[in-house]
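A short write-up of the structure that comes next.
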Amino acid sequence: VVHKLKFMDAVPVALLDLEANLNPVLIPFLELAGGVLAESANQGVYIVFAASGADLNKLMAQVPSLLDAEWQAVQNNRVALLNLDNYNLESATDRVSLLEDIAEILHPGSFIFGNEGNAWIRFGS
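Quick note: the sequence shown, position 5, residue 74 per the working numbering, numbers continuous.
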């Protein structure tokens with residue numbers, strides 16, 4: 070993943086929790102997966118919502134009320150929901166899976182690891 074990303078531009082991403090605040094847990098993974106932290110949700114080419122204790126069903130129920138139609142990621146249907154509880158960050162294998170999943174979210178034509186629908190989903194408004 071990291072080698073392939075050397076040849077791609079970094080993608081600005083807003084990493085948000087269920088209160089639309091920055092979720093710092095994902096920042097190290099974002100940078101390795103070819104992303105760069107956006108300064109605000111509106112500046113993110115992608116928005117990734119993730120929170121501990123929030124499975125995909127909970128995210129799908131709560132995220133719509135957090136979305137702003139003015140955000141470019143919302144306008145371009147580039148919002149993803151990530152189930153953080155799917156990963157044990159103490160496990161090297163799960164950390165790699167998280168990195169792969171974020172890379173797939175940000176670069177859908179370049180990576181396919183097969184966790185879409187289980188660990189994460191694209192969320193259209």
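Where a beta carbon is used, it is the ideal one built from N, C-alpha and C, also for glycine. Just so we're clear, the structure is a prediction, and the values are computed from it rather than from any experiment.
For Pro-97, the enclosing alpha helix (DSSP H) starts and ends at 96-101. Under DSSP, the beta-bridge partners assigned to Pro-81 are Val-105. DSSP, reduced to helix, strand and coil, places Val-114 outside both helices and strands of the structure shown, so it counts as coil. For Ile-190, no alpha helix (DSSP H) segment is defined; the enclosing uninterrupted segment is the beta strand (DSSP E) at 189-192. Note that the region 123-139 does not touch the region 156-174; fewer than 3 beta-carbon pairs, one per stretch, sit closer than 8 Å.
Just so you know, the alpha carbons of Trp-140 and Ile-181 end up roughly 26 Å apart. Around the C-beta of Asn-187, fewer than 16 other C-beta atoms lie within 10 Å, and the residue is accordingly described as exposed.
DSSP, reduced to helix, strand and coil, places Glu-185 within a strand of the structure shown.
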